[in-house]
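K.L.:
Pasting a structure below so you can have a look.
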Ligand code: DOR
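Numbering (the numbering used here), first residue to last: 31 to 456.
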């Protein structure tokens, strides 16, 4: 099987390459990259990419696929389909399923289901602690052997700092990154949105920015103590960006991600008690949004991940204070991220690094580059295609998206995994 992608703008941040080239995919790998016309077309399937960006397959390093246990919200298959529609060739799925992915059997089950679906690559993230209860560490060696690429108790923080220290030391032995949900549960209390003027006006209980920041600070100090590696997830506040920037300047082994909703929406989106804008960490202020953009621009934030968190009407068509936290993002992520490129906040090369090269490096998975020999995972992007978000067309099983009706500029028009076209609008 041989696929030739012609005359696209090849963007490969791993080699600082941005050039019109032809790309040959053969036997599941990148086989050649040459000036247009140099690779013979005869006997090959040709995909014309004139005017399109040819990027290494995008990787969403933070999604919730809900299987096993909550298949009415999403399955590995529907989530993987939403992923490839959104341009993602790989996703890392969080362990807060039912049961929690704290065992090799759940990890293997996820990999089996993903293989059966045959769409995006699915990278299981296993739990830091048994049941994500924050009491006992899970078996990192077994989990890695079964195929887990990282560890996280996402959805919950590891509240006990001693357990977090041990997790950092233990994970180092297996070179597994720790993906951290930074939140002090005592400080968050029963808050449901950002604590500020809007929460006051709406009469809703608030979650202060400090609930995130004190935990970011703690985890950075534990990284310093253990010389361990930490990845801070879903950064939402100006203070967190500043802490991470300082830690990087001091040479700590820290990486961080944010999500599109933290640079496109603020606490104002909650007005009208819109439960689709209820997410944890919560949507913050305009000043936080500016700081997140600056963090993306200057490299403090390494990755953008959707935190795709499907929920059904059961969890969302209820009073705001009772609703579940979370919004879906796999099918809007790229379009929202490209807003940053169109606005001139980041370059196209930076966008591809944030969405592919850096996530691959942080997770230690193949891909993130179009170098010869890399997996033939490729996303073709039309930067200028305008489209309107319509949740009813989504491949995801869920509809909890606050961007419904938005007009976005730019989308994936073809997604290729291992040399196979798994989604195409051409
Ligand atoms: O909004 C959120 N939803 N934040 C989390 O940390 C978990 C996630 C979920 O699983 O629904």
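The C-beta atom is built at its ideal place from N, Cα and C for all residues, glycine as well.
The model shown is predicted, which means the values in this text are computed figures rather than measured ones.
#1: Looking at C-alpha atoms only, which residue of 48, 189, 209 and 93 is the closest neighbour of residue 393?
#2: Under 7 Å: does the beta carbon of residue 430 sit that close to some heavy atom of ligand 1?
#3: Using 10 angstroms around the beta-carbon of residue 344, count the other beta-carbons present and answer buried if the total reaches 16, otherwise exposed.
#4: Mind checking residue 263: buried by the 16 CB within 10 Å criterion, or exposed?
#5: Cβ of residue 317 within 8 Å of Cβ of residue 268?
#6: Among all the DSSP beta bridges, which residues are the ones paired with residue 49?
#7: Starting from the Cα of residue 158, find the closest Cα among 185, 147 and 293 and give me that residue.
#8: Would you call the CB atoms of residue 325 and residue 86 closer than 8 Å?
#9: Taking 7 Å as the cut-off, is the CB of residue 339 close to at least one heavy atom of ligand 2?
#10: Please tell me whether, using a cut-off of 7 Å, the distance from the CB of residue 3 to the nearest non-hydrogen atom of ligand 1 is below it.
#11: If you compare alpha carbons, which of 79, 419 and 442 is closest to residue 431?
#12: Taking DSSP as the reference, what is the three-state secondary structure of residue 155?
#13: Below 8 Å between beta carbons: does that hold for residue 256 and residue 198?
#14: Please return the same chain residues whose Cβ sits closer than 7 Å to the Cβ of residue 299, not counting the five positions on each side in sequence.
#15: Are residue 176 and residue 360 close, meaning C-beta to C-beta below 8 Å?
#16: Restricting to runs no shorter than 3 residues, where is the beta strand (DSSP E) found entirely within the segment 131 to 194?
#17: Compare the C-alpha of residue 425 against each of 387, 412, 446 and 362 and name the closest.
#18: According to DSSP, is residue 377 helix, strand or coil?
#19: Roughly how many angstroms separate the alpha carbons of residue 53 and residue 103, rounded to a whole number?
#20: From the DSSP secondary-structure annotation, give me the bridge partner or partners of residue 123.
#21: What is the residue span of the alpha helix (DSSP H) that residue 227 lies within?
#22: Examine ligand 1 and report whether any of its heavy atoms sits within less than 7 Å of the Cβ of residue 224.
#23: Ignore the nearest five residues each way along the sequence and tell me which others in residue 127's own chain have a CB closer than 6 Å to its CB.
#24: Contact between the segment 161 to 172 and the segment 220 to 235 is defined here as three or more beta-carbon pairs at a separation below 8 Å; is this criterion met?
#25: Suppose you measure from the CA of residue 218 to the CA of residue 407; what does that come to, to the nearest Å?
#26: Quick check on residue 242: buried or exposed, where buried means 16 or more other Cβ atoms within 10 Å of its Cβ?
#27: Residue 435 lies in the beta strand (DSSP E); which residues open and close that run?
#28: Pick helix, strand or coil for residue 249, following the three-state DSSP scheme.
#29: On the DSSP bridge list, what partners appear for residue 411?
#30: Please state whether the Cβ-Cβ distance between residue 287 and residue 339 is less than 8 Å.
P.N.:
By the coordinates alone:
#1: Considering only alpha carbons, the answer is 209.
#2: Placement of the Cβ of residue 430 at a distance of 7 Å or more from every heavy atom of ligand 1 is found.
#3: Label assigned to residue 344: exposed.
#4: Per the 10 Å Cβ criterion, buried.
#5: A contact, by the Cβ cut-off of 8 Å.
#6: Note: residue 49 sits in a beta bridge opposite 40.
#7: If we check each option's Cα against that of residue 158, 185 comes out closest.
#8: Residue 86 sits away from residue 325, with the two beta carbons spaced by 8 Å or more.
#9: This structure does not include ligand 2; its bound ligands are ligand 1.
#10: No statement about residue 3 is possible, as the shown extent of the chain runs from 31 to 456 and does not include it.
#11: Shortest Cα-Cα distance from residue 431 to any of 79, 419 and 442 involves 419.
#12: Note: residue 155 maps to strand in three-state DSSP.
#13: Cβ atoms of residue 256 and residue 198: closer than 8 Å.
#14: Taken in chain order, the residues that qualify are 307, 313 and 432.
#15: In terms of Cβ geometry, residue 176 and residue 360 do not form a close pair [threshold 8 Å].
#16: Listed in chain order, they are 151 to 156.
#17: Comparing alpha-carbon positions, the option among 387, 412, 446 and 362 lying closest to residue 425 turns out to be 362.
#18: Note: residue 377 maps to coil in three-state DSSP.
#19: The alpha-carbon atoms of residue 53 and residue 103 are separated by roughly 38 Å.
#20: 93 and 154.
#21: In the DSSP assignment, residue 227 falls within the alpha helix (DSSP H) that extends over 227 to 232.
#22: For ligand 1, not one heavy atom lies less than 7 Å from the Cβ of residue 224.
#23: The beta carbon of residue 127 sits closer than 6 Å to the beta carbons of 98 and 99 from its chain, once the five residues preceding and following it are set aside; these are given in chain order.
#24: By the Cβ test, the segment 161 to 172 is not in contact with the segment 220 to 235, since fewer than three Cβ pairs between them sit closer than 8 Å.
#25: Each residue's alpha carbon lies about 40 Å from the other.
#26: By the neighbour-count rule (16 or more Cβ atoms within 10 Å), residue 242 is buried.
#27: Per DSSP, residue 435 belongs to no beta strand (DSSP E) and is neither H nor E.
#28: In the structure shown, the three-state DSSP call for residue 249 is helix.
#29: In the DSSP output, where bridge partners are listed per residue, residue 411 has 83 and 442.
#30: No, the pair does not count as a contact, with Cβ atoms beyond the cut-off.
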